[in-house]
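Undergrad: Reading the sequence shown from the start, the letters are residues -21 to -1, 1 to 149 in mature numbering (1 follows the signal peptide of the UniProt record, and there is no 0).
The beta carbon of each residue, even a glycine, is placed where N, CA and C say it ideally should be.
Source: prediction; values computed, not measured.
The structure that follows is given in the form of structure tokens.
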Amino acid sequence: MSGTSLLFLLILFTLNYHSHADLIGSTCEKDEYTDLCVSTLRSDPRSAAADVEGLARIMFDAALAKATATLNQIKDLLKKTSDPVLRQYLNVCVEQYDDAIEDIPVAIQNVGSHNFASRIKADDVVAEARVCEEIFTDLPNRKRKSPLTAENDLVKKLVMIAAGIVASLG
């Protein structure tokens, strides 16, 4: 291969890389959680070749992975505690995260073809994570610190980012 051909391929590759980096940047700059959006998408190798719909799916996939990890963490906490009140709250969280893990694939499936339905499922997941968090503190007799605050917040943020990307599709 001649030096000119090699240089041309290098320039083409560089331009393609920068255009996708710019797509991630321009997609994420509209979001409240810009840094999380950028870092999540850049950490997934599929983002390099993705269009905006693909970026939405990747973000939902990240949310699904985090929701699944959170459900596993909740189940581990259930195994370790004998506190009946904590067990009751954690069982509510299991139900909510079971639902979230069912809702996220539906949201992914609807990206691009039924964007409104995708966003509704995203709203459902945010509500499910919120219920898991608020079960610990919402009523006057519930004044416990949630052991899942960071996890619930991250799931909500990832799903809200994905829903924002879907909303940008129209």
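Using 8 Å as the Cβ pair cut-off and three pairs as the minimum, do the region 4 to 15 and the region 68 to 87 touch?
TA: Taking 8 Å as the limit for Cβ pairs, the verdict is that the region 68 to 87 does not touch the region 4 to 15.
Undergrad: Return helix, strand or coil for residue 115, following the three-state DSSP convention.
TA: To locate residue 115, count along the sequence shown from 1; it is residue 136. In the structure shown, residue 115 sits in coil (DSSP, three-state: anything other than H, G, I, E or B).
Undergrad: Measuring CA to CA, which of 83, 5, 105 and 142 is closest to residue 150?
TA: Here the chain comprises residues numbered -21 to 149, so residue 150 is not present and cannot be evaluated.
Undergrad: Can you tell which of 149, 36 and 115 has the C-alpha that lies nearest to the C-alpha of residue 64?
TA: As a working note, residue 64 is residue 85 in the sequence shown. Nearest of 149, 36 and 115 to residue 64, Cα basis: 115.
Undergrad: Is it the case that the region 40 to 55 contacts the region 128 to 148, given that we only count it when at least three CB pairs across the two stretches are under 8 Å?
TA: Short answer: they touch.
Undergrad: Measuring CB to CB, does residue 148 end up less than 8 Å from residue 83?
TA: Your numbering for residue 148 matches position 169 in the sequence shown. Your numbering for residue 83 matches position 104 in the sequence shown. Result no, Cβ atoms of residue 148 and residue 83 do not sit closer than 8 Å.
Undergrad: Can residue 86 and residue 101 be called in contact, C-beta distance under 8 Å?
TA: On the sequence shown, position 107 is the one that residue 86 refers to. On the sequence shown, position 122 is the one that residue 101 refers to. Going by C-beta atoms, residue 86 is nearer than 8 Å to residue 101.
Undergrad: Could you tell me which uninterrupted alpha helix (DSSP H) segments, each at least 4 residues in length, are contained entirely in the region 18 to 106, listed from first to last along the chain?
TA: Correct list: 31 to 59 and 63 to 89.
Undergrad: Please work out which residues of its chain come closer than 6 Å, Cβ to Cβ, to residue 110, disregarding the five sequence neighbours upstream and downstream, and give them in chain order.
TA: For this step, residue 110 is matched to residue 131 along the sequence shown. Around residue 110: 75.
Undergrad: Please report whether the beta-carbon of residue 72 lies at a distance below 8 Å from any beta-carbon of chain D.
TA: Absence of chain D from the displayed structure is noted, only one protein chain being present.
Undergrad: Should residue 15 and residue 140 be called a contact, given that it needs their Cβ atoms to be closer than 8 Å?
TA: Numbered from its first residue, the sequence shown carries residue 15 at position 36. Numbered from its first residue, the sequence shown carries residue 140 at position 161. Yes. Within cutoff.
Undergrad: Taking all protein chains shown into account, decide if residue 123 is buried (16 or more other Cβ within 10 angstroms of its Cβ) or exposed.
TA: Locating residue 123 in the sequence shown gives position 144, where the first residue counts as 1. Counting Cβ neighbours within 10 Å, residue 123 comes out exposed, since fewer than 16 surround it.
Undergrad: Kindly indicate which three-state DSSP category residue 120 falls into: helix, strand or coil?
TA: Translated into positions along the sequence shown, residue 120 becomes position 141. Here residue 120 sits in coil by DSSP.
Undergrad: Between which two residues does the alpha helix (DSSP H) containing residue 136 stretch?
TA: Here residue 136 refers to the residue found at position 157 when the sequence shown is read from its first residue. Element bounds for residue 136: 128 to 147.
Undergrad: Quick check on DSSP: helix, strand or coil for residue 10?
TA: The count along the sequence shown starts at 1 and reaches residue 10 at position 31. It is coil, neither helix nor strand.
Undergrad: Any idea what DSSP makes of residue 5, helix, strand or coil?
TA: Counting from 1 along the sequence shown, the entry for residue 5 is found at position 26. Helix.
Undergrad: Excluding the 5 residues preceding and the 5 following residue 143 in the sequence, name in chain order all residues of the same chain whose CB lies nearer than 6 Å to its CB.
TA: As a first step, residue 143 is located in the sequence shown; it is residue number 164 there, counting from the start. Counting only Cβ-Cβ distances below 6 Å, and skipping sequence neighbours, we find 10.
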